[in-house]
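Participant:
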Amino acid sequence: MRKILAVLRLILVLFSFTAAGVDFFFRLWLTGRAKSIPIRAKWMSFWASVYFKQLGGKVNYDGIPPASGVLASNHLSYIDILTYGSICPMVFVSKSEVRDWPIIGKLTQFAGTLYIRRQVRGDVLPLAEQMAAVAKEGPLITLFLEGTSTGGDQVLPFRSSLMAPVEEQGLPVTPAWIHYSMKNGSVSDEVCYWRDMTLGPHLFNLLCKDGFEAHVSFGKTITEKMDRKAISKELHTRVCEMREQYLSKK
43 MRKILAVLRL
53 ILVLFSFTAA
63 GVDFFFRLWL
73 TGRAKSIPIR
83 AKWMSFWASV
93 YFKQLGGKVN
103 YDGIPPASGV
113 LASNHLSYID
123 ILTYGSICPM
133 VFVSKSEVRD
143 WPIIGKLTQF
153 AGTLYIRRQV
163 RGDVLPLAEQ
173 MAAVAKEGPL
183 ITLFLEGTST
193 GGDQVLPFRS
203 SLMAPVEEQG
213 LPVTPAWIHY
223 SMKNGSVSDE
233 VCYWRDMTLG
243 PHLFNLLCKD
253 GFEAHVSFGK
263 TITEKMDRKA
273 ISKELHTRVC
283 EMREQYLSKK
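If you're matching positions, the sequence shown starts at 43 in the numbering used here and goes up one per residue.
#1: At what residue ranges does the segment 203-290 contain a whole run of the alpha helix (DSSP H), taking only runs of 4 or more?
#2: From the beta carbon of Gly-227, is the nearest beta carbon of chain D less than 9 Å away?
#3: Below 8 Å, can you find three or more Cβ-Cβ pairs linking the segment 252-263 to the segment 211-220?
#4: Confirm the yes/no value for this check: CB of Glu-171, any heavy atom of the ligand NAD, distance under 8 Å.
#5: Leaving out five residues before and five after Met-224 in sequence, what residues of the same chain have Cβ atoms less than 6 Å from its Cβ?
#6: On the DSSP bridge assignment, give the partners of Glu-134 in chain order.
#7: Helix or strand or just coil, what does DSSP make of Ala-91?
#8: State the Cα-Cα distance for the pair Val-112 and Val-176, rounded to the nearest angstrom.
#9: Applying the criterion that 16 or more other CB atoms from any shown protein chain within 10 Å of the CB defines a buried residue, is Leu-54 buried or exposed?
#10: Grab the span of the alpha helix (DSSP H) containing Tyr-120 for me, first residue to last.
#11: What's the gap between the Cα of Gly-194 and the Cα of His-221?
#12: Can at least three beta-carbon pairs, one atom from the segment 113-123 and one from the segment 224-235, be found at a separation below 8 Å?
#13: On the criterion of 16 or more Cβ atoms from any shown chain inside 10 Å, does Pro-243 qualify as buried, or is it exposed?
#14: Using the rule of at least 16 other Cβ atoms within 10 Å of the residue's Cβ for burial, across every protein chain shown, is Thr-171 buried or exposed?
#15: What's the C-alpha gap between Pro-168 and Arg-44?
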């Protein structure tokens, strides 16, 4: 019975993918509004909320989500994007491979996602220019600085290279920590997307579950002038502190 319900939920998600594309084409592209980064971010936030609920997710958070600048977070799953996007409009920085994913890749392009080839150092300079352009128009820019996703048992060191645009542009940056919980199942195995997991089976298995809850902690925004290595170290320290504070209450 659970698998039948999961199939129905999967059909609903796929239908929403199509609906999102149609919505973008008629409401943004044909009207010329697709040129606006803030409007694309709002479009992304709306559909992220739709997908998040269809996957059975509920979100709660503490702290104040920043309205602009850069958000630096740990990374657990592709669901992180839906979680953060459902809270407020934002633009994400993602690895370039995502752009070529079937269906999802096209939707990330519609959302105004900035892409970077992490193995190519030269990509940091054009990324800095793109981030500066987004920052001038207002939307929050979200980065996952660990460079990969984890099972949530630790926060990997933050990569300082992606903080170069923050250093060069003098952008305010806010630390954030994301965490998941579920009543029946393993967060590490069934919500987190890491190691050698495959998207299709992972998504279908999640749809078989009763649902999950996401928690996000937003820290205090850093406005002080620091070099990229110092910023990365400070952000990592604060994210780890938020993790410890939350877990100590459980």
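Think of the CB as a built atom: it goes at the ideal place given N, C-alpha and C, for glycine as much as any other residue.
Facilitator: With the given structure in hand:
#1: 206-211, 229-232, 241-249, 270-290
#2: No chain D is part of this structure, which consists of one protein chain only.
#3: Three or more Cβ pairs drawn from the segment 252-263 and the segment 211-220 lie within less than 8 Å of each other, which places the two stretches in contact.
#4: Only the bare structure without any ligand can be found here, which leaves the ligand NAD out of the picture.
#5: Phe-254
#6: The question names Glu, but residue 134 in the sequence shown is Phe. Beta-bridge partners assigned by DSSP to Phe-134: Thr-184.
#7: One point to set straight first is that residue 91 is Ser, not Ala, in the sequence displayed. It is helical.
#8: 10 Å
#9: Exposed.
#10: First-last for Tyr-120: undefined, no H or E at that position.
#11: 7 Å
#12: yes
#13: exposed
#14: Note that residue 171 is Glu in the sequence shown here, rather than Thr. Burial call: exposed.
#15: 47 Å
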